[in-house]
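Heads up, the sequence shown is in our numbering, so the first residue is 136 and it goes up one at a time. Glycine included, every Cβ here is placed at the ideal spot set by N, Cα and C. Note that the structure is a prediction, hence the values are computed from the model and not measured. To keep things clear, I will list the structure first and then write my remarks on it.
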Amino acid sequence: MTVNPFSSELPEDYDKTMKEFGISPITPALRKRLPDHHFIRRGIIFGHRDLDKILDARDKKKPFAIMTGIKPSGVYHLGNKLVIDQLVYFQNMGAKVYFAVADVETYHVSGQSLEESEKTAVDNVADLLALGLKEDNYYYRQSTELDVLLLGHLYSKNVTYNMLKAIYGEHPMGHYDAALIQVGDILYPQMKKFGGPKPVIVPVGLDQDPHMRLTRDIAAKQGLIPPSSTYNKMMRSLSGNAKMSKSEPKGIITLNDDEKSARKKIMSCLTGGRATIEEQKKLGGQPEICVNYEMFMYLFEPSDAKLKERFDACKKGALLCGQCKGECADRLVAFLKDHQEKKKKMLPKAKKILGL
Ligand code: SF4
């Protein structure tokens with residue numbers, strides 16, 4: 136079985152993939168050691184590798200880090216926010232954040248030029264700052280961070296074509312090249328210039344696990360600490376057919392959307408509503424398959440009790456989709472307005488951070 140990290144498909148079976156690749160669930164004992172967050176309470180972060188090593192470092196007041204990269208292939212959307220919120224969560228726990236603008240991967244996978252990525256990167260980094268990441272974290276572009284490119288290149292001596300094929304399946308060479316640069320990204324915080332080996336956690340969706348397996352294998356051979364990881368459920372696109380991704384532009388809500396567009400998108404998303412109002416009142420809705428409900432669960436309903444009330448009202452047919460989507464749209468618009476105000480102020484800082 137292989138998982139394709141270069142596509143926007145949703146994993147078919149979370150449990151099977153976890154078992155097959157040795158990903159551990161978040162146990163009640165581990166949950167007690169984690170700061171409270173709805174991502175943990177609601178099982179949005181559902182699995183991990185070596186998360187306990189991160190918590191041990193925190194408890195012993197030793198340095199630890201969180202690392203991720205996002206492709207600058209477009210304006211960030213709500214699915215990206217889910218990852219960024221996790222960076223903020225670990226930052227607030229004491230982690231230093233390392234962030235790669237994955238422009239080389241974007242070139243290989245999406246065919247976007249480095250110049251084009253440069254423009255998007257400024258907008259993206261302004262989002263990171265507006266969402267709560269500190270300016271003194273370490274942000275870089277893959278294409279200009281020569282040490283990362285060199286690491287990916289040097290570590291390739293531990294990798295054979297058969298190994299890549301077994302982990303990723305058959306892909307163009309550029310995808311494998313991007314995967315090796317990601318190995319460089321993930322192990323970068325353990326370099327001497329950043330204080331040497333330390334526990335590093337990488338928040339990923341299950342589809343990105345191949346990168347973790349490859350990197351852990353190489354880290355062990357290089358005398359570095361194999362990186363830890365958390366696994367989060369992925370937000371679905373508005374159509375509910377795939378993960379929210381820039382490859383389905385009509386299925387995303389971006390952090391730059393204006394009120395009109397955001398409302399329109401919410402009103403057209405997949406719900407678990409019935410064909411007619413009468414039927415819904417009689418049979419109740421299906422929040423389990425509803426993208427609108429997912430928005431509340433992932434992002435826009437901080438209270439577990441109120442989320443449950445919404446679920447129950449939907450099941451009983453006491454809540455109808457028009458009203459429910461309107462309420463979601465109100466919260467989304469309030470978030471976007473506030474975020475865009477903050478982001479405007481962060482654009483000059485983002486330029487400076489990226490040296491542009
Ligand atoms: S009432 Fe709300 S939660 Fe229920 S199916 Fe409709 S939109 Fe989804």
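### Task
Tell me the start and end of each unbroken alpha helix (DSSP H) in the stretch 207-293 that is at least 4 residues and wholly inside, in chain order.
Whole alpha helix (DSSP H) segments, 4+ residues: 213-228, 238-245, 249-265 and 281-290.
### Message
Is the beta carbon of LYS333 closer than 8 Å to that of ALA200?
### Response
As a position in the sequence shown, residue 200 is number 65, starting the count at 1. As a position in the sequence shown, residue 333 is number 198, starting the count at 1. In this structure, LYS333 lies closer than 8 Å to ALA200 by Cβ.
### Query
Got a sec? Which residues, its chain only, sit under 8 Å from LYS356 by beta carbon, not counting five neighbours each side?
Reading the sequence shown from its first residue, position 221 is the one you call residue 356. Answer for LYS356: ASN293, listed in chain order.
### Query
Based on the DSSP output, what are the partners of THR365 in its beta bridges?
By one-based count along the sequence shown, residue 365 stands at place 230. Residue pairing for THR365: DSSP places it in a beta bridge opposite HIS183 and PRO338.
### Query
So does GLY461 have its beta carbon nearer than 7 Å to some heavy atom of the ligand SF4?
Position 326 of the sequence shown holds residue 461. Every heavy atom of the ligand SF4 is 7 Å or more from the Cβ of GLY461, so no.
### Query
For the candidate residues ARG176, SER364 and ASN427, whose alpha-carbon lies nearest to that of SER374?
Numbered from its first residue, the sequence shown carries residue 374 at position 239. For SER374, the closest alpha carbon among the candidates ARG176, SER364 and ASN427 is that of ASN427.
### Task
Assign THR162 to buried or exposed, taking buried as 16 or more other Cβ atoms, counted over all protein chains shown, within 10 Å of its Cβ.
Taking the first residue of the sequence shown as 1, we reach residue 162 at position 27. Sixteen is the threshold: since fewer than 16 other Cβ atoms of the shown chains lie within 10 Å of the Cβ of THR162, the residue is exposed.
### Task
May I ask you to report which of helix, strand or coil DSSP gives LYS460?
In the sequence shown, the residue the question calls residue 460 occupies position 325. Judged by DSSP in its simplified three-state form, LYS460 adopts helix.
### Touch test, the stretch 369-386 against the stretch 211-227, Cβ-Cβ under 8 Å, three pairs minimum
Contact holds between the stretch 369-386 and the stretch 211-227, because three or more Cβ pairs, one in each stretch, are under 8 Å apart.
### Query
So is the beta-carbon of LEU454 under 7 Å away from any non-hydrogen atom of the ligand GTP?
As presented, the structure is devoid of the ligand GTP, carrying the ligand SF4 as its sole ligands.
### Message
Using a 10 Å radius around the Cβ and a threshold of 16 neighbouring Cβ atoms, would you call TYR323 buried or exposed?
### Response
Within the sequence shown, numbered from 1, the residue matching residue 323 stands at position 188. TYR323 is buried by the Cβ-count criterion.
### Query
Under the criterion of a Cβ to heavy atom distance below 7 Å, does THR406 qualify as lining the ligand SF4?
The sequence position of residue 406 within the sequence shown is 271, counting from 1. THR406: yes, Cβ under 7 Å from the ligand SF4.
### Task
Decide if the stretch 435-453 is in contact with the stretch 221-232; the criterion is three or more beta carbon pairs, one per stretch, under 8 Å apart.
At 8 Å Cβ cutoff, the stretches do not touch.
### Message
Mapping the DSSP letters down to three states, classify MET202 as helix, strand or coil.
### Response
Residue 202 sits at position 67 when you count from the first residue of the sequence shown. If DSSP states are grouped into helix, strand and coil, MET202 belongs with the strands.
### Query
Which residues bound the alpha helix (DSSP H) around HIS173?
Here residue 173 refers to the residue found at position 38 when the sequence shown is read from its first residue. Counting along the chain, the alpha helix (DSSP H) containing HIS173 begins and ends at 173-176.
### Query
CB-CB under 6 Å to ILE180, same chain, minus the five flanking residues each way: which ones, in chain order?
For the purposes of this step, residue 180 is taken as residue 45 along the sequence shown, with counting starting at 1. Excluding residues within five positions, the ones whose Cβ falls inside 6 Å are PHE174, THR365 and ASN367.
### Message
Are the CB atoms of TYR274 and PHE234 within a distance shorter than 8 Å?
### Response
In the sequence shown, the residue the question calls residue 234 occupies position 99. In the sequence shown, the residue the question calls residue 274 occupies position 139. The answer is yes: Cβ separation under 8 Å.
### Message
Rounded to the nearest angstrom, what separates ALA464 and ILE205 at their Cα positions?
### Response
Here residue 464 refers to the residue found at position 329 when the sequence shown is read from its first residue. Here residue 205 refers to the residue found at position 70 when the sequence shown is read from its first residue. About 26 Å.
### Query
How is the alpha helix (DSSP H) around LEU418 delimited, first residue to last?
Reading the sequence shown from its first residue, position 283 is the one you call residue 418. From DSSP, the alpha helix (DSSP H) with LEU418 extends over 412-418.
### Query
Are the stretch 385-397 and the stretch 342-349 touching, with three or more C-beta to C-beta distances below 8 Å?
Too few Cβ pairs lie closer than 8 Å, so no.
### Task
Indicate whether THR279 and ILE321 have their beta-carbon atoms separated by less than 8 Å.
Translated into positions along the sequence shown, residue 279 becomes position 144. Translated into positions along the sequence shown, residue 321 becomes position 186. THR279 is not a Cβ neighbour of ILE321, given a cutoff of 8 Å.
### Query
What residue from LEU186, VAL260, ASN391 and GLY319 has the CA that sits closest to LEU467's CA?
Against the sequence shown, residue 467 aligns to sequence position 332. When each option's Cα is compared against that of LEU467, the closest is ASN391.
### Query
Quick one: any contact between the stretch 259-272 and the stretch 295-311, if contact means 3 or more CB pairs under 8 Å?
Judged by Cβ distances under 8 Å, the stretch 259-272 makes no contact with the stretch 295-311, as fewer than three pairs qualify.
### Query
The alpha helix (DSSP H) spanning GLU155 covers which residue range?
Your numbering for residue 155 matches position 20 in the sequence shown. 149-156 is the extent of the alpha helix (DSSP H) around GLU155.
### Task
May I ask you to check if the CB of TYR433 is nearer than 7 Å to at least one heavy atom of the ligand SF4?
Within the sequence shown, residue 433 is the residue found at index 298, counting from 1. Checking every heavy atom of the ligand SF4 against the Cβ of TYR433, none is found closer than 7 Å.
### Message
Taking 7 Å as the cut-off, is the beta-carbon of TYR428 closer than that to any non-hydrogen atom of the ligand SF4?
### Response
On the sequence shown, position 293 is the one that residue 428 refers to. True, at least one ligand heavy atom lies under 7 Å from that Cβ.
### Task
Would you kindly work out how many angstroms separate the C-alpha atoms of ALA469 and ALA354, rounded to a whole number?
What you label residue 469 is simply residue 334 of the sequence shown in a count that begins at 1. What you label residue 354 is simply residue 219 of the sequence shown in a count that begins at 1. A direct Cα-Cα distance of roughly 44 Å separates ALA469 from ALA354.
#### Entry: LEU471 and ALA410 closer than 8 Å at C-beta
Here residue 471 refers to the residue found at position 336 when the sequence shown is read from its first residue. Here residue 410 refers to the residue found at position 275 when the sequence shown is read from its first residue. No; because the gap between Cβ atoms is not below 8 Å, this pair is not in contact.
### Task
Figure out for me which residue from ARG176, MET153 and HIS183 has the closest Cα to the Cα of SER363.
Reading the sequence shown from its first residue, position 228 is the one you call residue 363. The residue among ARG176, MET153 and HIS183 with its C-alpha nearest the C-alpha of SER363 is HIS183.
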